[in-house]
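Enquirer: In terms of this note's numbering, the sequence shown has 192 at position 187, counting the first letter as 1, and numbering is strictly consecutive.
Ideal Cβ placement from N, Cα and C applies to all residues, glycine included.
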Amino acid sequence: MKNIIITGASRGIGYDAALLLAQQGHRVLALSRNEEGLKALKEEAGEQLDFLVFDLLKPDARALLDKVKPMEQVDVLVNNAGYLLKKPFEEITTTDWNRAFGVNFFGPAHLIQILAPFLGKGERGHILNIGSMGGYQGSAKFPGLLGYSASKAAIANLTECLAEEWKENNVACNCLCLGAVQTEMLAEAFPGFEAPVSAQKMGAFIAYFATEAHHFFNGKVLPASVSTP
Ligand SMILES: NC(=O)c1ccc[n+]([C@@H]2O[C@H](COP(=O)([O-])OP(=O)(O)OC[C@H]3O[C@@H](n4cnc5c(N)ncnc54)[C@H](OP(=O)(O)O)[C@@H]3O)[C@@H](O)[C@H]2O)c1
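1. Whose C-beta lies closer than 6 Å to the C-beta of K47 among residues of the same chain, with five residues either side of it excluded?
2. Following a CB-centred definition, is R38 positioned closer than 7 Å to any heavy atom of ligand 1?
3. Hey, G139 and K126: beta-carbon distance below 8 Å or not?
4. Hey, H131 and A215 are a contact pair by Cβ (cut 8 Å); roughly how many whole angstroms apart?
5. So what's I5 in DSSP terms, helix, strand or just coil?
6. Report the partner residues of G35 according to the DSSP bridge assignment.
7. According to the Cβ coordinates, are F222 and N179 closer than 8 Å?
8. Between the C-alpha atoms of G184 and G136, what's the straight-line distance to the nearest angstrom?
9. What's the C-alpha gap between E128 and K63?
10. Report yes if the C-beta of E189 is less than 7 Å from at least one heavy atom of ligand 1; otherwise report no.
11. Would you list the residues sitting across from P228 in a DSSP beta bridge?
12. Rounded to the nearest angstrom, how far is the Cβ of L124 from that of L82, given a contact under 8 Å?
13. Less than 8 Å between the beta carbons of L133 and C182, yes or no?
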């Protein structure tokens, strides 16, 4: 049984991953802004799951620590929350950049800093960052996704650098760069496009990877995609 914190659990891939992890008997703390989604998740997941309304753009470290201190250690952190900015480069505003990098890079980075004292205590810890194929170096690129892709490339790079910096800290750090997954995020950005992978399937893979892969990988940025995009 592991203590697991997962962001972006109010819907989509994060919801399904959090639900499965709780059903597997892990102790899960689910973070997101939308309380309704988190309550629905709690209803389904039962007593193994607790939640906290948490905005990565305005992180309340004190509220988070109030939840985490009784857990004593965090075995797995899944930085799954994401914001898909879709705009031509010339139209991207400072607010857009701040939101994309805030949710996809600064928020996760800050969360890792807040949770550092609790990671790697006991069994080897795992930080799993959820990136995107758009932020995977050398992948096919698509117009309108520059801001999003750049922020995902930043979290992929953080993954490699942190694994090196923390190699003596008993914590592994990996990044999965997802291809298209059928979620509300995808449907809102690309109406009519049908992804070959469901949120449930990807959630199950992330649940497995988050709890097992740190025994085999560290500092790896891995594509998890069966399609382009
Ligand atoms: N679906 C795809 O095709 C695809 C492809 C590549 C990568 N990804 C990545 O996979 C991850 C999950 O994506 P998804 O498709 O499941 O997206 P989704 O359905 O839009 O879910 C995104 C989650 O992030 C949370 N979130 C957004 N802004 C937040 C903020 N400011 N603070 C805290 N939480 C915030 C949302 O919760 P609240 O609104 O409740 O805060 C929601 O639970 C993301 O990192 C995404 O970039 C997805």
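Expert: This is what the structure gives:
1. Here residue 47 refers to the residue found at position 42 of the sequence shown. Cβ within range, chain order: L54 and F56.
2. For the purposes of this step, residue 38 is taken as residue 33 along the sequence shown, with counting starting at 1. Correct: R38 has its Cβ closer than 7 Å to ligand 1.
3. In the sequence shown, counting from the first residue as 1, residue 139 sits at position 134. In the sequence shown, counting from the first residue as 1, residue 126 sits at position 121. Not in contact: G139 and K126 (Cβ atoms no closer than 8 Å).
4. Translated into the one-based positions of the sequence shown, residue 131 becomes position 126. Translated into the one-based positions of the sequence shown, residue 215 becomes position 210. Yes, they are in contact, since the Cβ atoms of H131 and A215 sit about 6 Å apart, within 8 Å.
5. Coverage of the chain is limited to positions 6 through 234, which leaves residue 5 absent and any answer about it impossible.
6. For this step, residue 35 is matched to residue 30 along the sequence shown. Going by the sequence as given, residue 35 is Ala instead of Gly. In the DSSP output, where bridge partners are listed per residue, A35 has I11 and F56.
7. Position 217 of the sequence shown, counting from 1, holds the residue named residue 222. Position 174 of the sequence shown, counting from 1, holds the residue named residue 179. Contact flag set, yes.
8. Taking the sequence shown and counting its residues from 1, one reaches residue 184 at position 179. Taking the sequence shown and counting its residues from 1, one reaches residue 136 at position 131. Distance between the alpha carbons of G184 and G136: 9 Å.
9. In the sequence shown, residue 128 corresponds to position 123, counting from 1. In the sequence shown, residue 63 corresponds to position 58, counting from 1. Cα to Cα, the separation comes out at about 31 Å.
10. Position 184 of the sequence shown, counted from the first residue, corresponds to residue 189. Answer for E189: yes, Cβ within range of ligand 1.
11. Within the sequence shown, the letter at position 223 stands for residue 228. The partner list for P228 (beta bridge, DSSP) reads C182.
12. Against the sequence shown, residue 124 aligns to sequence position 119. Against the sequence shown, residue 82 aligns to sequence position 77. Yes, L124 and L82 are in contact; Cβ-Cβ is about 7 Å, under 8 Å.
13. The residue given as residue 133 occupies position 128 in the sequence shown. The residue given as residue 182 occupies position 177 in the sequence shown. For L133 and C182, no; Cβs fall outside 8 Å.
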